[in-house]
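Residue numbers (the working numbering): 22 to 104.
All C-beta atoms in this analysis are idealised placements derived from N, C-alpha and C, irrespective of residue type, glycine included.
Computed from a predicted model, the values in this text were never measured in an experiment.
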């Protein structure tokens, strides 16, 4: 959600399986093209879009999947970040 922390604390031994299941769940829910999926919402405005994009651009995070951004569409893909 937009206002609640969204994170998991995962035992190392199941990390890879969990990542694959999360990827599958996103695709099952939104379809092959998340960006064009009707239920996928957009960021509220350009200020908030740019603020969120800076998280990807200005920090040393490992993006496992997602991370795609399109400012003209206020679109940020479902993204899984490790650590």
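Notebook entry, point to check: Per DSSP, residue 83 is paired with what?
Noted result: What you label residue 83 is simply residue 62 of the chain shown in a count that begins at 1. In the DSSP output, where bridge partners are listed per residue, residue 83 has 103.
Note to self: Between the segment 51-70 and the segment 32-41, can you find at least three pairs of beta-carbon atoms closer than 8 Å?
What the structure shows: With contact defined as three or more Cβ pairs closer than 8 Å, the segment 32-41 and the segment 51-70 are not in contact.
Next item on the list: Measuring alpha carbon to alpha carbon, tell me which of 104, 88, 103 ends up nearest residue 56.
Entry: One-based indexing of the chain shown puts residue 56 at position 35. Closest option to residue 56, Cα to Cα, is 88.
Next item on the list: Check the C-beta distance from residue 43 over to residue 97 and give it rounded, since I have them as a contact under 8 Å.
Entry: If you number the chain shown from 1, residue 43 lands on position 22. If you number the chain shown from 1, residue 97 lands on position 76. That belief does not hold up - the Cβ atoms of residue 43 and residue 97 are roughly 16 Å apart, past 8 Å.
Notebook entry, point to check: So, are the CB atoms of residue 103 and residue 85 less than 8 Å apart?
Noted result: Taking the chain shown and counting its residues from 1, the one referred to as residue 103 is at position 82. Taking the chain shown and counting its residues from 1, the one referred to as residue 85 is at position 64. Yes, Cβ-Cβ distance for residue 103 and residue 85 is below 8 Å.
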